[in-house]
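Order-wise, the sequence lines are chains A and B. So that you can map any letter, position 177 of the first sequence is 177 in the working numbering, and since no number is skipped, the others follow by simple counting. Position in the second sequence counted from 1, then plus 1000, gives you the working numbering. Glycine residues also receive a C-beta, built at the ideal position from the N, C-alpha and C atoms.
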Amino acid sequence: MSDFKKYTISIYTENNIGLLNRISAIFLKRHINFISLSTSQSEITDVFRFIIVVNMTESGVKRIVQQIEKQIDVIKAYFHTDEETIFQESALYKVKSSSLFEERQIQNTIKNSNANIVTVSPDFFVIQKTGFRHETEQLRESLEPFGLLQFVRSGRISITKEKMGISEILNTFKQQHKD
Amino acid sequence: MKNQKTNYISGAEAVIRCLLAEGVDLIYGYPGGAIMPIYDELYKYSDVLQHILTRHEQGATHAAQGYARTSGKVGVAMATSGPGATNLVTGIADAQIDSTPIVCITGQVASHLLGSDAFQETDIIGISTPVTKWNYQITKVSEIPEIMAKAFYIARSGRPGPVLIDITKDAQFDLFDFSYKKCKAVRSYAPIPTLNTNQISEAAEVINKAKKPMIIWGQGVILGEAEEEFKNFVEASGIPAAWTILGLSALSTKHPLNMGMVGMHGNYGPNILTNQCDVLIAVGMRFDDRVTGNLETYAKQATVVHLEIDPAEVNKNVKAHYPVLGNCKESLIMLTSMVKHNEYKDWKQLFADHMQIEFDAVIQGDTLPTKEGLTMGEVIVGINKHTQGDAVFVTDVGQHQMIACRYAEFIRSKSNVTSGGLGTMGFALPAAIGAKMGAPDREVVAIIGDGGYQMTIQELGTIFQNRTAVKIVVLNNDYLGMVRQWQQLFFDKRYASTEMVNPDFVTIAKGYKIEANRVNKREDLDKAILNMIASDEPYFLEVCVEKEDNVFPMIPTGASVSDIRLK
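In structure tokens:
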């Protein structure tokens, strides 16, 4: 089991209904869980991007990327190790306002963690932190004693160091299929 | 506001016009509430578009598969929403795993009712996603032409497969300005990888150095319509070749370099020698586990050359040292021009020696039995005698399927129609209907077990109504024979729920006005087969075979191909 490793899978797709279902079915069929999933617009106007983080062997992730790329609406899929990407996660923390004034410690915790206070109301305030998993996790652990009212963390978003070349793929297609 | 220059028609009519534009003249289906507008249009177009009413929607998909497999065209099946759509799923899954091009059209509740648990609403897009090459729900009439064009393009191009299009009832009723343009490309989809000449010359170099090379071919040869190119390659190189169950009939069974079947019930030589060859050339096949047995001990000594159209199949199960991506119709031509001919005399002798061992241990008893009971093998050989290898064999799943594939003779391609990857019992009877309609001038013989026959026996109604001249042979051993064989070999003969108390099949066939006969004595067999083949009508023949015969050779699950058992 030691050759299991964390991989970030980036998938460039058409923006079609049902594609998330189709992609997740590929993982379901092989009994593989997502560590995280995020979807968004990509750098190209009408191209969508999925970022999926999984714990798999290299041969396993290679095969699954082949299966993903085989789907009709998928333009291209890649997998990368952490070293090959720049990645972040974002987290929101909702804390009782009273604890901000009553506990001096909490102010230091926020300051030292480079988190931002997004909103403050008489009842609660919300902190936002972007960073690596262990950083957002550390802040969650530090705030827990003060009573976290809510906590949520986004899926990983990631950018690769290498060039993706999706525009080139789409341009080549355009060249080949000029009507 | 009907403008004379425009072509305002309903979505339902547009669907029919799209089918006609794609060259479809025959579809299989079953009507119901959510697809009634399309059926209403079918009524008007019945002179140009024939609709075959199957007796169950599963039959419609299998018939569409059979049609696609013998005609090489896209099969079409249609059903209503809810249960109509879910009944298609088995056939769709079968088409997906066996790469059969079919387009399924389902009706759906009106778009304003989606998600309301309306009558006969089911999420067929969600249900069919893992078993379709592509699927799409049309909720706006204007989408129909483009999506239908895309559906046919995707189903037939590259590695073929099933596509499902779900159309809401309002989109069928609405009117729009219709125009149709065939789909030639989809930007996110590359159906055929570009040939890489370096890959081919590297592969040729390896093949030319081989002392004991072996070819295993699969259905890719048939789907790529590369039968001629494949035969040329085999003959030019002189390399012995064996087939997977779906590759059967691509090369004549009488060809001197055709060494037989690989896999669980394949031939003795090809299986054992897979683990002795130095170069293994896989052409359009995917190393299914029923072919490879235990992967840890599969062809480890061999350098693997893999000609494949689907990049996801390369290195999936077996590492390809020399992958050759592309359509084998093209890559085989280039490879043929680069390979040297060799007789491989000693190597081929090994195949012959193993065949002799298998003949003595298995084939003789199967095909020339001296015991009292009839064997499945002698029935197949008896059919060969009267069809001369020119018939289409449609088989179901189980012992009869393995025996038929082992002993049926083929001199023409697209002649073996079977459920390979999914192993769908109930496939053969409806698939035979489609196979006959896809190749109306050919003899189509369905070989079915007594178990699978009763899974889709209602399609006798379709045969009756259309007078489809299929020849139905039920090899009856009153058992679910293959499961019983496993129970005998691996579960200490505990025959749990495998014995069948069967009805009078001849009377049932006669109820559908199908000529029917039963044989249980060897001396009656030849005459019965002759009468069946001589008939121009649908014909049913039940052969009561030995109850507890087994299919050998056999590679037990998880064993190595070289541990194939002769008994």
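* **Cut-off 6 Å between Cβ atoms - residues of its own chain near B/Leu-1164, not counting five sequence neighbours on either side** => Start at 1 with the first residue of the second sequence, and residue 1164 of chain B comes out as number 164. Once the five neighbours on either side are set aside, the close Cβ partners of B/Leu-1164 are Cys-1104, Ser-1128, Thr-1132 and Asn-1135.
* How should A/His-31 be labelled, buried or exposed, when 16 other C-beta atoms within 10 angstroms of its C-beta is the threshold for buried? -> As a first step, residue 31 of chain A must be located in the first sequence, where it is residue number 31. Exposed is the label assigned to A/His-31, since fewer than 16 other Cβ atoms lie within 10 Å of its Cβ.
* To do: Show which residues of chain A have a CB atom less than 7 Å away from the CB atom of B/Tyr-1189.
  => Here residue 1189 of chain B is taken as the residue at index 189 of the second sequence, counted from 1. Close partners of B/Tyr-1189 in chain A (Cβ separation under 7 Å): Ile-72.
* B/Val-1362, buried or exposed, once every other Cβ within 10 Å from all chains shown has been counted against 16 -> Counted from its first residue, the second sequence places residue 1362 of chain B at position 362. Buried: at least 16 other Cβ atoms inside 10 Å.
* Under the rule that 16 or more other beta-carbon atoms within 10 Å means buried, what is B/Pro-1440, buried or exposed? -> As a first step, residue 1440 of chain B is located in the second sequence; it is residue number 440 there, counting from the start. B/Pro-1440 should be labelled exposed.
* To do: Write down every uninterrupted run of the beta strand (DSSP E) in the stretch 1187-1262 of chain B whose length is 3 residues or greater and which is fully enclosed by it, in chain order.
  => If only uninterrupted beta strand (DSSP E) runs of at least 3 residues are considered, those enclosed by the stretch 1187-1262 of chain B are 1213-1217, 1241-1243 and 1258-1261.
* **Beta-carbon spacing of B/Lys-1414, B/Thr-1070 below 8 Å** => Here the question's residue 1414 of chain B lines up with position 414 in the second sequence. Here the question's residue 1070 of chain B lines up with position 70 in the second sequence. It is a contact, given that the beta carbons lie within the stated cut-off.
* A/Phe-146 in three-state terms, based on DSSP -> Residue numbering aside, residue 146 of chain A sits at position 146 when the first sequence is read from its first letter. A/Phe-146 falls in the helix class under three-state DSSP.
* Asked: Which whole-angstrom value describes the C-beta separation of B/Phe-1427 and B/Ala-1408, a residue pair presumed to lie in contact below a C-beta threshold of 8 Å?
  -> Counting from 1 along the second sequence, the entry for residue 1427 of chain B is found at position 427. Counting from 1 along the second sequence, the entry for residue 1408 of chain B is found at position 408. In this structure, B/Phe-1427 and B/Ala-1408 do not form a Cβ contact; the two beta carbons are roughly 16 Å apart against a cut-off of 8 Å.
* Asked: Does DSSP put B/Val-1314 in a helix, a strand or coil?
  -> As a first step, residue 1314 of chain B must be located in the second sequence, where it is residue number 314. Three-state DSSP puts B/Val-1314 in coil, outside helix and strand.
* **Sequence-distant residues of the same chain with beta carbon closer than 6 Å to B/Asp-1170, five excluded per side** => Taking the second sequence and counting its residues from 1, the one referred to as residue 1170 of chain B is at position 170. Cβ neighbours of B/Asp-1170 beyond the five flanking positions: Ala-1110 and Ser-1111.
* To do: Throw me the rounded Cβ distance for the B/Lys-1513 and B/Phe-1464 pair, which I believe falls under 8 Å.
  => Within the second sequence, numbered from 1, the residue matching residue 1513 of chain B stands at position 513. Within the second sequence, numbered from 1, the residue matching residue 1464 of chain B stands at position 464. Their Cβ separation, rounded to whole angstroms, is 6 Å, which keeps B/Lys-1513 and B/Phe-1464 in contact under 8 Å.
* Do the stretch 1179-1195 of chain B and the stretch 1228-1244 of chain B meet, that is, are 3 or more Cβ pairs less than 8 Å apart? -> Three or more Cβ pairs closer than 8 Å define a contact, and the stretch 1179-1195 of chain B falls short of that threshold against the stretch 1228-1244 of chain B.
* **Beta-carbon contacts of B/Thr-1244 that lie in its chain and below 8 Å, excluding the five residues immediately before and after** => Translated into the one-based positions of the second sequence, residue 1244 of chain B becomes position 244. Same-chain partners within the cutoff: Ile-1216, Trp-1217, Gly-1218, Gln-1219, Met-1261, Val-1262, Gly-1263, Met-1285, Asp-1288, Val-1291 and Gly-1420.
* Asked: Does the count of Cβ pairs from the stretch 112-130 of chain A and the stretch 88-95 of chain A closer than 8 Å reach three?
  -> With a cut-off of 8 Å, the stretch 88-95 of chain A and the stretch 112-130 of chain A count as touching, because enough Cβ pairs lie within range.
* **Chain-order list of residues whose beta-carbon lies under 6 Å from that of B/Arg-1518 (same chain, five-residue window excluded)** => For the purposes of this step, residue 1518 of chain B is taken as residue 518 along the second sequence, with counting starting at 1. Contacts found: Val-1506 and Glu-1542.
* When the Cα atoms are used, what is the spatial distance from B/Leu-1020 to B/Leu-1049? -> By 1-based counting over the second sequence, the position of residue 1020 of chain B is 20. By 1-based counting over the second sequence, the position of residue 1049 of chain B is 49. Taking the straight line joining both Cα atoms gives about 7 Å.
* Backbone CA spacing between A/Glu-180 and A/Phe-146 [nearest angstrom] -> The displayed coordinates of chain A run from 1 to 179. Any statement about residue 180 of chain A would go beyond what the structure contains.
* To do: Give a yes or no on whether the minimum CB-CB distance between A/Glu-14 and chain B is below 8 Å.
  => Here residue 14 of chain A refers to the residue found at position 14 when the first sequence is read from its first residue. Closer than 8 Å: yes.
* Asked: Residues of chain A with CB under 8 Å from B/Lys-1133, in chain order?
  -> Within the second sequence, numbered from 1, the residue matching residue 1133 of chain B stands at position 133. Around B/Lys-1133, the beta-carbon contacts reaching into chain A at under 8 Å are Ile-72.
* To do: Would you list, in chain order, the members of the stretch 1018-1041 of chain B that have their beta-carbon closer than 7 Å to a beta-carbon of chain A?
  => Per Cβ criterion, the list is empty.
* Are the beta-carbon atoms of B/Pro-1323 and B/His-1341 separated by less than 8 Å? -> In the second sequence, counting from the first residue as 1, residue 1323 of chain B sits at position 323. In the second sequence, counting from the first residue as 1, residue 1341 of chain B sits at position 341. No.
* To do: Could you list the residues in the stretch 13-39 of chain A with a C-beta less than 9 Å from some C-beta on chain B, going in chain order?
  => Within the stretch 13-39 of chain A, the residues whose Cβ lies closer than 9 Å to some Cβ of chain B are Thr-13, Glu-14, Asn-16, Ile-17, Gly-18, Asn-21, Arg-22, Ala-25, Ile-26, Leu-28 and Lys-29, listed in chain order.
* To do: Might you give, ordered along the chain, the residues of its own chain that have their beta carbon closer than 7 Å to the beta carbon of B/Asn-1208, omitting 5 neighbours on each side?
  => To locate residue 1208 of chain B, count along the second sequence from 1; it is residue 208. By the criterion of a C-beta distance shorter than 7 Å, B/Asn-1208 is surrounded in its chain by Val-1339 and Lys-1340, once the five residues flanking it on both sides are discounted.
* To do: Give a yes or no on whether the C-beta atoms belonging to A/Ile-26 and A/Ile-64 are separated by under 8 Å.
  => What you label residue 26 of chain A is simply residue 26 of the first sequence in a count that begins at 1. What you label residue 64 of chain A is simply residue 64 of the first sequence in a count that begins at 1. In this structure, A/Ile-64 lies closer than 8 Å to A/Ile-26 by Cβ.
* Asked: DSSP state of B/Gln-1120, grouped into three classes?
  -> Within the second sequence, numbered from 1, the residue matching residue 1120 of chain B stands at position 120. In the three-state DSSP reduction, B/Gln-1120 falls in the coil class, being neither helix nor strand.
* Which two residues bound the contiguous beta strand (DSSP E) that contains B/Tyr-1544? -> Counting from one through the second sequence, the residue named residue 1544 of chain B turns up at place 544. It should be noted that the sequence gives Cys, not Tyr, for residue 1544 of chain B. It spans 1539-1544 - the beta strand (DSSP E) in which B/Cys-1544 sits, taken as one unbroken run.
* Asked: Using the beta-carbon of each residue, which ones in chain B are nearer than 8 Å to A/Ile-75?
  -> Stepping through the first sequence from its first residue, residue 75 of chain A is reached at position 75. Under the 8 Å cutoff, chain B gives Arg-1187 and Ser-1188.
* **Delimiting residues of the beta strand (DSSP E) encompassing A/Arg-49** => The residue you call residue 49 of chain A lines up with position 49 of the first sequence. In this chain, the beta strand (DSSP E) harbouring A/Arg-49 covers 48-56.
* Cβ distance (whole Å) where B/Gly-1066 is taken to contact B/Gly-1438 below 8 Å -> Here residue 1066 of chain B refers to the residue found at position 66 of the second sequence. Here residue 1438 of chain B refers to the residue found at position 438 of the second sequence. About 7 Å separates the CB atoms of B/Gly-1066 and B/Gly-1438; that is less than 8 Å, so the two are in contact.
* What residue range is occupied by the uninterrupted alpha helix (DSSP H) comprising B/Asp-1366? -> Here residue 1366 of chain B refers to the residue found at position 366 of the second sequence. Its alpha helix (DSSP H) spans residues 1364-1367.
* Asked: Got a sec? Which residues, its chain only, sit under 6 Å from B/Asp-1174 by beta carbon, not counting five neighbours each side?
  -> To locate residue 1174 of chain B, count along the second sequence from 1; it is residue 174. Contacts found: Gly-1011 and Val-1141.
* **Simplified DSSP state of B/Thr-1468, which is helix, strand or coil** => As a first step, residue 1468 of chain B must be located in the second sequence, where it is residue number 468. For B/Thr-1468, the three-state secondary structure derived from DSSP is coil.
* Any C-beta of chain A sitting closer than 8 Å to the C-beta of B/Ala-1312? -> What you label residue 1312 of chain B is simply residue 312 of the second sequence in a count that begins at 1. Chain A contact via Cβ: present.
* Any chance the CB of B/Lys-1140 is under 7 Å from a heavy atom of the ligand COA? -> Only the bare structure without any ligand can be found here, which leaves the ligand COA out of the picture.
* **A/Leu-143: contacting residues in chain B (beta-carbon distance under 7 Å)** => Here residue 143 of chain A is taken as the residue at index 143 of the first sequence, counted from 1. Neighbours of A/Leu-143 in chain B, taken as residues at a C-beta separation under 7 Å, are lacking, since the least C-beta distance is about 39 Å.
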